[in-house]
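Note that the numbering used here has the sequence shown beginning at 822, numbered continuously upward.
The structure appears below as structure tokens.
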Amino acid sequence: MKVRQSILVCFVVAMLLAVASNVSAQMVEGTETQITTNESSQIFPDTHDEKVVWMDERNGNWDIYMYNVSLDERIQITTNESGQVYPAIYNNTVVWEDNRTANQDIFMYNLTSQNETQITMNMSNQTNPEIYNNTVVWEDDRNGNWDIFTYNLTSQNETQITMNMSNQTNPDIYNNTVVWEDNRTGNWDIFMYNLTSRNETQISTNISNQTSPAIYKDTVVWLDDANNSTQVYLYNITTMNESRITMNESMKGSPAIYGDYVVWMDNRSDNWDIYLYDNSSQQEFQVTENGSDQMNCTIYKNMIAWQDDRNNNWDIYMLTLGGNGSNGGNGASGNGQADGTAAIEVNKTFVSNADEDGSADASVNDTLTYNITATNTGNTDLTNVFVEDNLTGQNKSCELLQPGEECVLTTEYIVNVTDLGTNISNMGTANSDQTRQVNDTENVSVPMPEMIIEKMLISNADEDGSNDVSVNDTLTYNITATNNGTANLTNVTIEDDLTGDNKSCPFLQPGEECILSTEYVVRLSDIGTNISNTGTAYSNQTQPVNDTEEVYVPVPEMSIDKQFVSNADEDSSGNITANDTLTYNITATNTGESNLTNVVVEDDLTGNSTSCPLLEPGEECPLTTYYVVKSSDVGTIIINTGSAYSNQTRPVYDTAQTGMVSAYATGTGGNASNGTNVTAENISAENGVVSNDTTEDDEAIDNASSEVDSTETNDIPAEDNAEDENDAEENGVPEEDSTTTENGSNDEESITEEDNTNGEDTTVEDNSNEEEEENVEIDNTTEETNS
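Okay, here's the thing in structure tokens:
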């Protein structure tokens, strides 16, 4: 049953479309005017606020001309000999595409100041400009494909709004919304972009091609080539409803929209004519009907303009809706009303933003100016026309309004904090004695300002090459303030509390950054601490924000250890004597937290040194040095000091000393190899005391040495003692009998040794008395020497 109903519905819809396609539209009522009369070609008009602009080749090249409807005045805007084409106008600003620089650029002209300005400077091509308020939009091929760019006339900032590698062309703009045709899906679709929220949205999804978009407020129109014909579609951004507004199977082109009116060019009569659709009444009207071609139409309020070849060249014509039409009655007025019917239309327009903070956005304390225009769109006079603004409460009365006349209320509103991040919805109303109240709403977006800050240590110049943060190193910081909101920011200031440096950026668009680079040289007082560096940023629209970066400065520290390692003992005396080679080790150790560079270890006795370019914590830098004992060292203690220093640390010292240097020795002495320093105490009085006196005491010392050498002492080398012990055992002498006392004398007055050859005992006489006499003599000599 549902299938049958669906078939029936489809059949009825098909019949209605067939009937609609065969019904001829009635003629619109209005007054037609020929604007240009020159025999050259004038094409591609655009209109705004009773001004019409077009491209004109009367001078042998394409120039931009303008017609002021209210003044009935025609002026030439461009005079350059290159080509200026495809103009667009908003208020007193005209923009166009210009090839004077050998590529296509966008230029503008201010009708008030009469100043011409080049907007784009890129060496690629910029074409098809459109303008709304202070924003210009165009298509651009600088990236190898066509993208959409915008330019803010106030801030002079250029922005790329499409990033896809496909082609985006034919842009249009209203308020903060840009629309264009896009082939990223393999066919042409309609996309839109909100300049405030920076959100991109695909509007159309049909697999056919949707092209030539135009926008007014929240309504977008375009062409769709489905079903082997071209139709005009209408889309409401708020409700997201899409509807087809043309039913004829003819070809159509260049749709344009203003208010409830949509106009386009249509070849259903075997030539191109201009048609109009009134969305409020859902009626279609024919605007032109002669047998020539009328193409490339545009509309503003109740004024439609197009190019027309009825005079065998292209001229610019216009039609003002309402009044006495060419059909003499029963036509459509500008509001789709029958002749003789009272009708009023109200249009609320956001005219300007005083922009007190220079942000080019609607922001807190900005003054917004609106015009609420009530127009008599009927064919009879209106009395006591009353226009009111609901946002400000202001109003205006006009006693009499003839057909086509307007009653305009200009009102101002100051943006407050509660408006941030919202749309200021401002409704204007109008009524008269003859009509009911009508209203229109204008929405102005107030973007949300927001800023974030990030402080980072970018680099360390590392002047000492330590790879650490150390004294006199230069630290470089970047403090980055980013516009993270949807509003432009002005007078952005960044400050660094550590260095006192600052930077200002006059204007920051959403997503843009302001960067302060600053340097700090590490001080001695920073050692062992965190260098805390705070960056602060603020603007006219935002409160201060801050971020802190902490950098730790490690503590450098070094220790030194000097050790007397060994005595080569070249004379095998067992003592430190002249010409002996003494070995020292001096070790510098990184005991701190930071790397040390250019570590130098020095020995003051030898003058030797070594260097280590880099010493990480815990690593050592050793120096081994050798000293040959001099004869002048005899009788002294050799004191040897080692030192170490680096780029990061002050010098540290350590000292090693030997025992007293002997002329020669009779005992084990202080051979450093067994870990004992040679000192005066190690040499007994019986063995002789070393003296610095080398003259009068030499004989006494020599005699004492001869006596000492003739006895067995502990100073005999170990291997000699071992041989004697073995000999004693072989001869039957007890081992303990061969020992000596600590002072080197024999325990027994005489020792019997067995002769290895004849086995006879040999008695050694006790020479203790003679030795005591010799020792007394040596002691006396030593006392004299010491004195």
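Beta carbons are placed, not taken as given, at the ideal position from N, Cα and C, and that holds for glycine.
Residues of its chain near residue i, where Cβ-Cβ distance is below 6 Å and the 5 sequence neighbours each way are ignored
{"i": "Cys1219", "result": "Val1206 and Cys1228"}
{"i": "Asp1114", "result": "Asn1092, Trp1093 and Asp1130"}
{"i": "Thr1109", "result": "Asp1094, Ile1095 and Gln1115"}
{"i": "Gln1469", "result": "Ser1291, Pro1377 and Leu1417"}
{"i": "Glu1423", "result": "Ser1430 and Ser1464"}
{"i": "Thr1213", "result": "Thr1232 and Tyr1234"}
{"i": "Asp1261", "result": "Val1167, Asn1168, Lys1169 and Gly1249"}
{"i": "Asp1382", "result": "Thr1408 and Asp1475"}
{"i": "Tyr1079", "result": "Tyr1037, Ile1120 and Tyr1121"}
{"i": "Asn966", "result": "Met986 and Asn988"}
{"i": "Thr1357", "result": "Glu1316, Pro1365 and Asn1367"}
Assigned exposure category for residue i - 16 Cβ within 10 Å defines buried
{"i": "Asp893", "result": "exposed"}
{"i": "Gly1225", "result": "buried"}
{"i": "Asn880", "result": "exposed"}
{"i": "Lys1451", "result": "exposed"}
{"i": "Gln1103", "result": "exposed"}
{"i": "Asn964", "result": "exposed"}
{"i": "Gly1306", "result": "buried"}
{"i": "Ile910", "result": "buried"}
{"i": "Gly1402", "result": "One point to set straight first is that residue 1402 is Thr, not Gly, in the sequence displayed. That one is exposed."}
{"i": "Asn1609", "result": "Any question about residue 1609 goes unanswered here, given that the chain covers just 822 to 1608."}
{"i": "Ser1394", "result": "buried"}
{"i": "Gln1478", "result": "exposed"}
{"i": "Val915", "result": "buried"}
{"i": "Ser1253", "result": "buried"}
{"i": "Thr941", "result": "buried"}
{"i": "Ile952", "result": "buried"}
{"i": "Asn1020", "result": "exposed"}
{"i": "Met944", "result": "exposed"}
{"i": "Met1277", "result": "exposed"}
{"i": "Pro950", "result": "buried"}
{"i": "Asp1182", "result": "buried"}
Own chain residues within Cβ distance below 7 Å of residue i, not counting five before or after
{"i": "Thr1457", "result": "Met1481 and Val1482"}
{"i": "Ile1137", "result": "Ile856, Thr857, Gln863, Pro866, Val873, Trp875, Ala1126 and Gln1128"}
{"i": "Asn1057", "result": "Asp1039 and Thr1040"}
{"i": "Glu1063", "result": "Tyr1054 and Tyr1056"}
{"i": "Ala1163", "result": "Gly1199, Thr1201, Leu1203, Gln1255 and Thr1256"}
{"i": "Ile885", "result": "Val874, Met876, Ile898, Thr899, Gln905, Pro908, Val915 and Trp917"}
{"i": "Met1269", "result": "Leu1241, Gly1242, Gly1306, Thr1307 and Ala1308"}
{"i": "Gly1112", "result": "Asn1092"}
{"i": "Tyr995", "result": "Tyr953, Ile1036, Tyr1037 and Lys1038"}
{"i": "Gln1384", "result": "Tyr1405, Asn1406 and Ala1477"}
Assumed close pair residue i, residue j - CB separation to whole angstroms, cut-off 8 Å
{"i": "Trp1001", "j": "Gln1031", "result": "Between Gln1031 and Trp1001 the Cβ distance is about 11 Å, and since that is not below 8 Å, they are no contact."}
{"i": "Gly1349", "j": "Val1374", "result": "7 Å"}
{"i": "Phe970", "j": "Thr980", "result": "7 Å"}
{"i": "Asn924", "j": "Asn913", "result": "The pair is not a contact, with the Cβ atoms about 27 Å apart (cut-off 8 Å)."}
{"i": "Asp1202", "j": "Leu1230", "result": "Asp1202 to Leu1230, Cβ: 20 Å. No contact."}
{"i": "Ser1432", "j": "Thr1410", "result": "In fact, because the Cβ distance is near 15 Å, the residues do not count as touching under 8 Å."}
{"i": "Thr1339", "j": "Thr1320", "result": "5 Å"}
{"i": "Ser1165", "j": "Val1259", "result": "The sequence shown places Ile at residue 1165, rather than the Ser named in the question. Going by Cβ atoms, the distance from Ile1165 to Val1259 rounds to 6 Å, so yes, they are a contact pair."}
{"i": "Val1386", "j": "Asn1406", "result": "5 Å"}
Contacting residues, own chain, Cβ-Cβ under 8 Å from residue i (five flanking each side not counted)
{"i": "Asn1244", "result": "Asn1264, Val1265, Ser1266 and Val1267"}
{"i": "Asn991", "result": "Asn949, Glu960, Trp1001, Glu1002, Thr1032, Ser1033 and Pro1034"}
Cβ-heavy atom distance, residue i to the ligand FMN, below 8 Å
{"i": "Gln1107", "result": "This structure lacks the ligand FMN, and indeed carries no ligand of any kind."}
CB contact check: residue i to chain C, cutoff 9 Å
{"i": "Asp867", "result": "Among the chains of the structure shown, chain C does not appear; only one protein chain is present."}
At 3 residues or longer, what runs of the beta strand (DSSP E) sit wholly inside the segment 1266-1338? Here the runs fully enclosed are 1272-1281, 1295-1304, 1310-1317 and 1323-1329.
Minimum length 3: unbroken beta strand (DSSP E) runs contained in the segment 1349-1421: Listed in chain order, they are 1351-1359, 1366-1373, 1379-1388 and 1402-1411.
Residue ranges of each beta strand (DSSP E) within the segment 864-934, 3 or longer: Counting only runs of 3 or more, we get 872-877, 884-889, 894-897, 905-911, 914-919 and 926-931.
The segment 1292-1301 / the segment 1333-1344 touching (three or more Cβ pairs under 8 Å): Contact between the segment 1292-1301 and the segment 1333-1344 is present, because at least three Cβ pairs lie under 8 Å.
Start-end ranges of the beta strand (DSSP E) lying completely within the segment 1434-1474, minimum 3 residues: Taking only runs of at least 3 residues, the beta strand (DSSP E) segments lying wholly in the segment 1434-1474 are 1441-1449 and 1458-1466.
Evaluate contact between the segment 1364-1372 and the segment 1320-1334, counting only Cβ atoms and requiring at least three cross-stretch pairs below 8 Å. Not touching, per the Cβ criterion.
Stretch pair the segment 1008-1027 + the segment 1047-1061: three plus CB contacts closer than 8 Å: Yes, the segment 1008-1027 is in contact with the segment 1047-1061.
Determine, using beta-carbon pairs with one atom in the segment 1300-1317 and one in the segment 1162-1182, whether at least three such pairs fall under 8 Å. They touch, by the three-pair rule.
Could you say if the segment 1436-1455 and the segment 1262-1277 meet the contact criterion of at least three C-beta pairs nearer than 8 Å? Flag = no, the segment 1436-1455 and the segment 1262-1277 do not touch.
Every unbroken beta strand (DSSP E) within the segment 1069-1126, with a cutoff of 3 residues, ordered by chain: Within the segment 1069-1126, the complete beta strand (DSSP E) runs of at least 3 residues are 1073-1079, 1082-1087, 1094-1099, 1104-1107 and 1115-1121.
Go through the segment 995-1071 residue by residue and report every complete run of the beta strand (DSSP E) that reaches 3 residues or more, in order. If we require 3 residues or more, the beta strand (DSSP E) runs fully inside the segment 995-1071 come out as 998-1003, 1010-1015, 1020-1023, 1031-1037, 1040-1045, 1052-1057 and 1062-1065.
Fully enclosed by the segment 1154-1193, which beta strand (DSSP E) runs are 3 residues long or longer? Within the segment 1154-1193, the complete beta strand (DSSP E) runs of at least 3 residues are 1165-1174.
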